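Numbering (UniProt numbering), first residue to last: 1 to 325. In this text, a Cβ means the ideal position worked out from N, Cα and C, and glycines have one as well. As the structure is a computational prediction, the values presented were derived from the model and not from experiment. The block underneath contains the structure these notes are about, expressed in structure tokens.
Structure (structure tokens):
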């Protein structure tokens with residue numbers, strides 16, 4: 001699952017279908033969360049989702065004859081990565097979607113790179129702040145204010161829900177540079193590290209869920225649509241989607257594969273509108289566009305044409321929770 005270099009010119013048809021499929025899967029995750037929290041406590045939904053994803057990746061590991069990490073140091077760091085990269089953000093999105101539309105949660109997910117950058121620069125020292133990045137960061141946070149509609153006043157359940165979704169993105173923003181600093185240099189494959197992350201998150205949630213939400217309901221007590229949503233979130237959005245992402249990185253390069261971030265909110269909005277009949281205020285899609293432009297500027301997406309693809313082995317060993325719903 002790891003490759004030392006990326007072909008200079010991978011045919012578009014070799015990676016584009018997987019790229020679009022990944023955006024559709026992760027963009028649809030917010031719909032499944034919205035359905036799941038109608039009958040499940042957000043913590044219980046996250047537990048079932050993560051456990052299903054962990055089982056899925058363990059099966060893939062067995063098929064590929066890969067193995068989990070054995071070093072205690074890696075597992076110790078996984079306690080932080082699992083908490084802030086999986087358990088907390090997934091749960092916060094669940095709480096948030098009890099109060100806001102699924103499409104709006106998908107928009108907030110796209111703000112993750114805006115939080116990653118200042119933490120990577122100021123706290124973990126894994127990135128350097130440049131004028132271009134500072135401009136992109138400032139532009140992105142203007143977009144955040146537009147999405148929030150701060151001129152309409154603050155407060156109420158809807159505003160609280162948006163803050164919870166932003167908090168989920170903030171958790172991703174902490175987990176990504178932490179992982180880059182302490183885990184990305186590991187010799188293990190990205191699949192192995194991701195499976196370990198989901199296993200640790202499952203254990204954390206199994207301890208917390210009964211205290212917060214009580215005993216989980218039996219699957220037979222849930223409607224078919226909720227059971228299907230949990231399976232989709234776990235097996236597809238938290239399990240197999242990671243394998244697709246690794247294939248995209250191998251074929252197209254880490255930089256191209258990471259641009260799936262820009263398509264996720266598009267699919268989240270489309271699915272929310274078509275399936276759930278959700279609607280947004282005018283300023284929310286406008287703010288989302290400003291956010292995405294800010295992220296693109298900060299990441300140097302403009303003016304990249306002609307650059308050589310970067311080696312992808314380090315990226316293939318890094319789990320990118322920012323892309324997940």
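Residue nearest to residue i in terms of C-alpha spacing, selected from the options
{"i": "residue 30", "options": "98, 193 and 61", "result": "98"}
{"i": "residue 239", "options": "38, 48 and 10", "result": "48"}
{"i": "residue 70", "options": "133, 165 and 186", "result": "186"}
{"i": "residue 213", "options": "152, 15 and 37", "result": "37"}
{"i": "residue 270", "options": "247, 107, 77 and 40", "result": "107"}
{"i": "residue 200", "options": "54, 17 and 16", "result": "54"}
{"i": "residue 169", "options": "74, 114 and 17", "result": "114"}
{"i": "residue 325", "options": "289, 144 and 85", "result": "85"}
{"i": "residue 145", "options": "50, 206, 11 and 290", "result": "290"}
Pair within 8 angstroms by beta-carbon distance, residue i and residue j
{"i": "residue 118", "j": "residue 171", "result": "no"}
{"i": "residue 216", "j": "residue 44", "result": "yes"}
{"i": "residue 243", "j": "residue 60", "result": "yes"}
{"i": "residue 264", "j": "residue 110", "result": "yes"}
{"i": "residue 28", "j": "residue 276", "result": "no"}
{"i": "residue 191", "j": "residue 66", "result": "yes"}
{"i": "residue 167", "j": "residue 79", "result": "no"}
{"i": "residue 165", "j": "residue 96", "result": "yes"}
{"i": "residue 135", "j": "residue 287", "result": "no"}
{"i": "residue 327", "j": "residue 21", "result": "Absent from the structure is residue 327, since the part of the chain shown begins at 1 and ends at 325."}
{"i": "residue 32", "j": "residue 273", "result": "no"}
Residue i - DSSP class collapsed to helix/strand/coil
{"i": "residue 124", "result": "coil"}
{"i": "residue 68", "result": "coil"}
{"i": "residue 301", "result": "coil"}
{"i": "residue 5", "result": "Low confidence applies here, because residue 5 scores a pLDDT of 41, under 50, leaving its location unreliable and the question unanswered by this model."}
{"i": "residue 38", "result": "coil"}
{"i": "residue 278", "result": "coil"}
{"i": "residue 199", "result": "helix"}
{"i": "residue 194", "result": "helix"}
{"i": "residue 218", "result": "coil"}
{"i": "residue 94", "result": "helix"}
{"i": "residue 323", "result": "Unreliable positioning characterises residue 323 in this predicted model, as indicated by a pLDDT of 45, which lies under 50. The coordinate reading is nonetheless provided below. In the structure shown, residue 323 sits in a helix (DSSP, three-state: H, G or I)."}
{"i": "residue 19", "result": "helix"}
{"i": "residue 56", "result": "helix"}
{"i": "residue 187", "result": "coil"}
{"i": "residue 10", "result": "coil"}
{"i": "residue 247", "result": "helix"}
Quick check: the region 152-162 against the region 201-211, are at least 3 beta-carbon pairs closer than 8 angstroms? no
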